[in-house]
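Notes to accompany the following structure.
Residue numbers (full-length UniProt numbering): 1 to 266.
So, in structure tokens, the structure goes:
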């Protein structure tokens, strides 16, 4: 027990070291913010780096909100409906279709960039945040469908049959029986998709212009011409990570329950 706690403390300290460096550096003036003084506390505490970082990141943060919130919700809706149909309303070829869905999880981003850019240009969404939302929603359908499908197989089939006997159709059963017990699966998908969309860099660079750049691209562009503004970069990194941390804090208690649901059932 003592050894286990000691190891946990060591791991926690190792995990918190980068956060410590981020925090203390973000409160330093530019004259103190350099790698040789990374471990030192600020001699002069200042919020100037946070102010500058917010001014530079604010447009990108708003673009990331416009990207991550609707993208996560759309992914939840589509994944939930796909998972419901594939798990509870069986039809000929359902297993084949589910397998094809899963193939989409293994297509690398880099392999679809050129045709994706051409598609966005052809449909008039290139350079706009809505095109980025569409790309992530479509790319997220396989993993979202898998999560919901594995969760819904844990719902007793007797409940679905009872709703059919009562005269409920597919949509009525989904709305009245399945959806009310789907909170853990929704939490998993929201955390997964929100984090993926918020942290996206590759799609954002290729599919959006300067006015639509999300936080990650704006964060990458915070650099000085003559010297690296470490304090501003650290403050900006912390600002960019706050939304995902809040999502984990709000929905984290549902995460493992939803992720493990269906693990022992096919």
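Ideal Cβ positions, reconstructed from N, Cα and C, are used throughout, including at glycine.
- As the crow flies, the alpha-carbon of residue 102 is around 17 Å from that of residue 153.
- Relative to residue 228, the option among 30, 17, 7 whose CA is nearest is 30.
- Counting along the chain, residue 87 sits inside the alpha helix (DSSP H) bounded by residues 48-88.
- Three or more pairs of CB atoms, one per stretch, sit closer than 8 Å, so the stretch 146-160 contacts the stretch 85-92.
- Across the structure, residue 254 and residue 32 are spaced so that their CA atoms are roughly 42 Å apart.
- C-alpha of residue 166 to C-alpha of residue 174: approximately 14 Å in a straight line.
- Shown here, residue 228 sits in coil according to DSSP, grouped into three states, outside any helix or strand.
- Residues 49, 50, 231, 234, 235, 238 of the same chain have their beta carbon placed closer than 7 Å to that of residue 26, with the five preceding and five following residues left out of the count.
- For the set 199, 112, 158, the Cα lying nearest the Cα of residue 139 is the one of 112.
- Taking 8 Å as the upper bound for CB-CB distance, residue 217 and residue 60 are in contact here, some 7 Å apart.
- Residue range 183-198 is occupied by the alpha helix (DSSP H) that includes residue 198.
- When Cβ pairs closer than 8 Å are counted between the two stretches, the stretch 128-147 is seen not to touch the stretch 34-42, the count staying below three.
- Restricted to the stretch 107-149, not a single beta strand (DSSP E) segment is unbroken, complete and at least 3 residues in length.
- Shown here for residue 76: same chain residues with a beta carbon closer than 8 Å to its own, the five before and five after excluded, namely 144, 186, 189, 190, 193 in chain order.
- Comparing alpha-carbon positions, the option among 203, 202, 56, 128 lying closest to residue 222 turns out to be 56.
- In this structure, residue 132 places its C-beta atom within 8 Å of the C-beta atom of residue 204.
- In this structure, the beta-carbon distance from residue 120 to residue 207 falls below 8 Å.
- Membership of residue 6 in the alpha helix (DSSP H) is indicated by the continuous run 2-26.
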